[in-house]
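All remarks here apply to the structure that follows.
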Amino acid sequence: IVRKVAYQLVNAEKDPPILVNSDNLTTYVGQPIWTSDRLYDSITPPGVVMGLAWTSMGGSVLYIECTNKKPKYFYQSTNTTDSHSDSSSDSEEVSNKKGILQVTGSLGKVMKESISIAHTFATQFAASGAPCFSTTTVTDNDSADSNNNQEQCMLNPTESSKAALFLQESDIHLHVPQGATPKDGPSAGVTMVTALLSLACGKPVRPNLAMTGEISLTGKVLPVGGIKEKVIAAKRGGITSIILPEANRKDYDDLASFIKDDLQVYFVQHYKEIFPVAFLQT
Numbered sequence: 001i002v003r004k005v006a007y008q009l010v011n012a013e014k015d016p017p018i019l020v021n022s023d024n025l026t027t028y029v030g031q032p033i034w035t036s037d038r039l040y041d042s043i044t045p046p047g048v049v050m051g052l053a054w055t056s057m058g059g060s061v062l063y064i065e066c067t068n069k070k071p072k073y074f075y076q077s078t079n080t081t082d083s084h085s086d087s088s089s090d091s092e093e094v095s096n097k098k099g100i101l102q103v104t105g106s107l108g109k110v111m112k113e114s115i116s117i118a119h120t121f122a123t124q125f126a127a128s129g130a131p132c133f134s135t136t137t138v139t140d141n142d143s144a145d146s147n148n149n150q151e152q153c154m155l156n157p158t159e160s161s162k163a164a165l166f167l168q169e170s171d172i173h174l175h176v177p178q179g180a181t182p183k184d185g186p187s188a189g190v191t192m193v194t195a196l197l198s199l200a201c202g203k204p205v206r207p208n209l210a211m212t213g214e215i216s217l218t219g220k221v222l223p224v225g226g227i228k229e230k231v232i233a234a235k236r237g238g239i240t241s242i243i244l245p246e247a248n249r250k251d252y253d254d255l256a257s258f259i260k261d262d263l264q265v266y267f268v269q270h271y272k273e274i275f276p277v278a279f280l281q282t
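Encoded structure:
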């Protein structure tokens, strides 16, 4: 910047003083190198959920996208996985009884295992009516009191059976964008479960919400790494609400206050605490 300003003064292109501000900054330093990680500005369609990832360059927003490959009327009770043979060799397919779960996005072994776990749990969770209870919330760095552990089913019997049947019988394609970038690790587990349930229920998640956490086969939310980088990425992306594992509370508490300002954080131990946050406007 100084060299270019000096050049302008020497060549009498401008008279002093020369003011450098946000309006003319690109004239001196060029266009921004980094662009926003967000692929969707506000509300995402059903089946799309925003997660958080850690990379060698820091934190970033990571989307999980799910869609139904074929209309539901293609399925009959006599169908088997042998009838689904139209997949590309560039993708991974996992048989899920009558349906096929196809995954793409340069995913590693651990992440593929997480998808399989997420699909199994999401199916069981939907079939049980999505039993949920409230979360412990931190707003503007204030500590919450305690959890309300009284469970309540969020899906009625009709919604529950439809969602579970959809996850069992539909051909589902799960994709993680930026396919040229290798991805691995278990920290997108809760995001995958939420994306599958969003697609099965036909419900979009609340806007400006991101989440991270490993999911167990029984729905427990396990701690993950890179909390500082992920929270910074959330702030950079304009995210206002984050879901984090309860076991990572200490990592969040260690962050500087200016990083945590204006963030609503939900600390969870089980997926039952995530569903009402993701799908209800609170």
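Per the UniProt record's numbering, residue 1 is the first one in the sequence shown, and the count goes up by one each step.
C-beta: ideal position from N, C-alpha, C; glycine also.
Rounded separation between residue i and residue j - CA only
{"i": "K272", "j": "G219", "result": "8 Å"}
{"i": "D86", "j": "L174", "result": "Confidence at D86 is low in this model, with a pLDDT of 45, below 50, so its placement is unreliable and no value can be given for it."}
{"i": "S187", "j": "Q264", "result": "20 Å"}
{"i": "K4", "j": "P32", "result": "18 Å"}
{"i": "L62", "j": "D41", "result": "14 Å"}
{"i": "I243", "j": "I274", "result": "8 Å"}
{"i": "A233", "j": "C153", "result": "33 Å"}
{"i": "I117", "j": "S216", "result": "7 Å"}
{"i": "Y252", "j": "S106", "result": "30 Å"}
{"i": "I259", "j": "T240", "result": "12 Å"}
Simplified DSSP assignment, three categories, for residue i
{"i": "E229", "result": "helix"}
{"i": "V48", "result": "strand"}
{"i": "Q31", "result": "coil"}
{"i": "N11", "result": "coil"}
{"i": "Y271", "result": "helix"}
{"i": "S151", "result": "Checking the sequence, you will find Glu at residue 151 rather than Ser. DSSP places E151 in coil when its eight states are reduced to three."}
{"i": "V224", "result": "coil"}
{"i": "S89", "result": "With a pLDDT of 42 at S89, under the threshold of 50, the modelled position of this residue cannot be trusted; read the value that follows with caution. In the structure shown, S89 sits in coil (DSSP, three-state: anything other than H, G, I, E or B)."}
{"i": "V20", "result": "coil"}
{"i": "L39", "result": "coil"}
{"i": "L107", "result": "strand"}
{"i": "L25", "result": "helix"}
For residue i, the first and last residue of its enclosing alpha helix (DSSP H)
{"i": "Y252", "result": "R249 to D253"}
{"i": "I259", "result": "S257 to K260"}
{"i": "V277", "result": "F275 to F279"}
Span of the beta strand (DSSP E) around residue i
{"i": "P245", "result": "S241 to P245"}
{"i": "N68", "result": "G58 to N68"}
Buried versus exposed call for residue i [16 or more other C-beta atoms within 10 Å across all chains shown]
{"i": "M211", "result": "buried"}
{"i": "G30", "result": "exposed"}
{"i": "S170", "result": "buried"}
{"i": "A163", "result": "buried"}
{"i": "P245", "result": "buried"}
{"i": "K14", "result": "exposed"}
{"i": "V110", "result": "exposed"}
{"i": "S160", "result": "buried"}
Continuous alpha helix (DSSP H) assignments of at least 4 residues falling wholly in the stretch 165–222:
189–201
List, from N- to C-terminal side, the beta strand (DSSP E) runs of 3 residues or more that fit wholly inside the stretch 109–136.
none
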